[in-house]
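Reading through the C-alpha cells given below for one structure.
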Amino acid sequence: MKLWITRPMTAEVDARARAEFDVEIRENTLPLTAQEMQRALTEFDVVVPTLGDLFSAEIFANAPKPRCKLLANFGVGYNHIDITAAQGAGIEVTNTPGAVTDATADVAMTLLLMTARRAGEGERLVRSGAWQGWHPTQMLGQHATGKRVGIVGMGRIGQAIAQRCHFGFGMDVAYVARTEKMLEFPATRAESLQSLAAEVDFLVLAVPGGAETRHLVGPDVLRAMKPSAILINIARGEVVDQAALIAALESSDIAGAGLDVYEFEPNVPEQLIRMENVTLLPHLGTATEEVRSNMGHMALDNVAAFWAGQALPNPVA
Ligand SMILES: NC(=O)C1=CN([C@@H]2O[C@H](COP(=O)(O)OP(=O)(O)OC[C@H]3O[C@@H](n4cnc5c(N)ncnc54)[C@H](O)[C@@H]3O)[C@@H](O)[C@H]2O)C=CC1
Ligand SMILES: O=C(O)C(=O)CO
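Residue numbers for the sequence shown, in our numbering: 164 to 480.
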C-alpha cells in the first residue's frame, strides 16, 4: 500500500507512519494544488489530506478510476472534501473526532476572555511602550463570569465549551440544536438562532462548515445581537458572512468578535486587523504537540484498519 501524508506531522506521527507503512511525506505545508490532488487520487492507495485541500467534485471527476480508496482526513472538519463525489468515486473518508475537542474548546474560551477583557489590545499597549500605569477606569472590559452564553452547534466541541462556561465561569448556557441535549448541567434550548442571538452576551459558533451552514450568521443574526454582545467563531470562517460581520462591528451593532477562522483563510481583511475590539488568532484550535499527535495517530489508525480490511474507526457520513 502506498500512503501519502500531505503535510509534515509531529515527529512521533511521522516516525510511526514510516515504521508501519510505505509512506511519502510531503514537505510543503501549503494546501495541495489541483495537480497534487490529481496525483493523490491516481498514485496512492491512501492519502492523509487536511483542511485547505479542496477535494471538490471536479477533482474527483477528473480522476474517474482513482487508485486512492481512502482519504483519512487529519482533522475533524471535512467540509473541504465533497463527500458525495468521493463516495461516488469509490473513496471512503474518515476524520479525527474527539482528539480535537478539549483543545478547541480551550481556544474558544481564550477568545471569549481575550475579547471581553481586551487582552489583545492591552498586550499591544504594553508592547508599544505607551502604557502609563493602572488607574480605576483604564481599559475597562466586560465581566465574563455569570453572563449568558449561546452555543450554536451543541456537538462535541460545543458541549465542551458549554461545560467550561457553566462550571468554570458560572455562566447561564443556552443553545440551538435540532434536538434537546441530555447534559450534566442546566442549559436552555432556544427556539431559533435569531432568538438565541438576541438574548446572549456571548454567541459561540461550533457548527461544521459546508453548504448547510454557510453564512448561518449574517446581517439578521448580527442585528439581533445586543450591542454589548461578542461573537466567537472557532468553527469555520464561512459560517459567518464576513462582510456583514465587519459592517456590524463598524456600526457598533455588536461589541466585538473573537475569531480563530476566516471566510477566505488565510486572508484576513484589513478592516478586522485595524479593529481593537476584535481578537484574531491563526486557526490555533488544535495547535498543541499532544493534540496534533493524537490527531495524527487517529488518522493512522484509520489507515491501518482500512489496510487490514477492518471496519473504519471514524468514517464520516
Ligand atoms: N478552530 C479549529 O481549529 C477547529 C475547528 N473545528 C470545527 O468545529 C466543528 C465542530 O466539531 P465537533 O464538535 O467535533 O463536531 P460535532 O459533529 O460533534 O458537532 C457539530 C454539531 O453542530 C450541529 N449542527 C450542525 N448544523 C447546525 C445548525 N445549522 N444549527 C445548529 N447546530 C448545527 C450538529 O448537529 C452537531 O451537534 C468542526 O466541523 C470543525 O469545522 C474543529 C476542530 C478544530
Ligand atoms: O480539526 C479541524 O477541523 C480543524 O480545524 C483543525 O484541527
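Where is the CB? At the ideal position from N, CA and C, for every residue including glycine. Computed from a predicted model, the values in this text were never measured in an experiment.
- Secondary-structure assignment with DSSP links Asp185 through a beta bridge to Lys165.
- According to DSSP, Glu255 shares a beta bridge with Leu233.
- The beta carbon of Ala353 sits closer than 8 angstroms to those of Gly313, Ala337, Tyr338, Val339, Leu359, Glu362, all from its chain and outside the five residues before and after it, given in chain order.
- Between Asp404 and Val380, the gap from beta carbon to beta carbon is short of 9 angstroms.
- Shown here, Thr173 sits in coil according to DSSP, grouped into three states, outside any helix or strand.
- Asp383: member of the alpha helix (DSSP H) spanning 382-387, first to last residue.
- Judged by DSSP in its simplified three-state form, Asp269 adopts helix.
- Across the set Glu433, Gln295, Leu288, Ile395, the C-alpha of Ile395 shows the shortest separation from the C-alpha of Gly421.
- The segment 268-275 makes contact with the segment 315-325, as at least three CB pairs between them are under 8 angstroms.
- Residues Asp185, Phe207, Asp208 of the same chain have their beta carbon placed closer than 6 angstroms to that of Lys165, with the five preceding and five following residues left out of the count.
- Residue burial annotation: Ala374 is exposed, with fewer than 16 other C-beta atoms found within 10 angstroms of its C-beta.
- Residues lining ligand 2 by the Cβ criterion, that is a Cβ closer than 6 angstroms to any of its heavy atoms, are Leu214, Gly238, Val239, Gly240, Val263, Gly448, Thr449 in chain order.
- Taking all protein chains shown into account, Asn191 has fewer than 16 neighbouring C-beta atoms within 10 Å of its C-beta and is therefore exposed.
- Contact between the segment 446-458 and the segment 468-480 is absent: fewer than three C-beta pairs spanning the two stretches fall below 8 angstroms.
- Between the alpha carbons of Asp383 and Pro445 lies a distance of about 27 angstroms.
- For the segment 189-243, the continuous beta strand (DSSP E) assignments of 3+ residues that do not extend past its boundaries occur at 209-211, 233-235, in sequence order.
- By the CB criterion at 9 angstroms, Ala178 and Val211 fall outside the cutoff.
- For Gly419, the closest of Glu284, Arg399, Val466 by C-alpha to C-alpha distance is Glu284.
- For Asp464, the three-state secondary structure derived from DSSP is helix.
- Our two residues, Arg281 and Pro478, have alpha carbons roughly 41 angstroms apart in a direct line.
- Assigned with DSSP and collapsed to three states, Asn440 falls in coil, not helix or strand.
- Put simply, the backbone Cα of Glu413 is about 19 angstroms away from that of Asn430.
- Apart from sequence neighbours up to five positions away, the residues of its chain that approach Val176 with a beta-carbon distance below 6 angstroms are Ser456, Gly459, ordered along the chain.
- The shortest C-alpha to C-alpha distance from Ser219 to any of Asp464, Gly318, Tyr241, Pro299 is the one to Tyr241.
- At least one heavy atom of ligand 1 sits closer than 8 angstroms to the Cβ of Thr267.
- Restricting attention to Ala411, Thr213, Phe427, Asp265, the CA atom closest to the CA of Val441 is found in Ala411.
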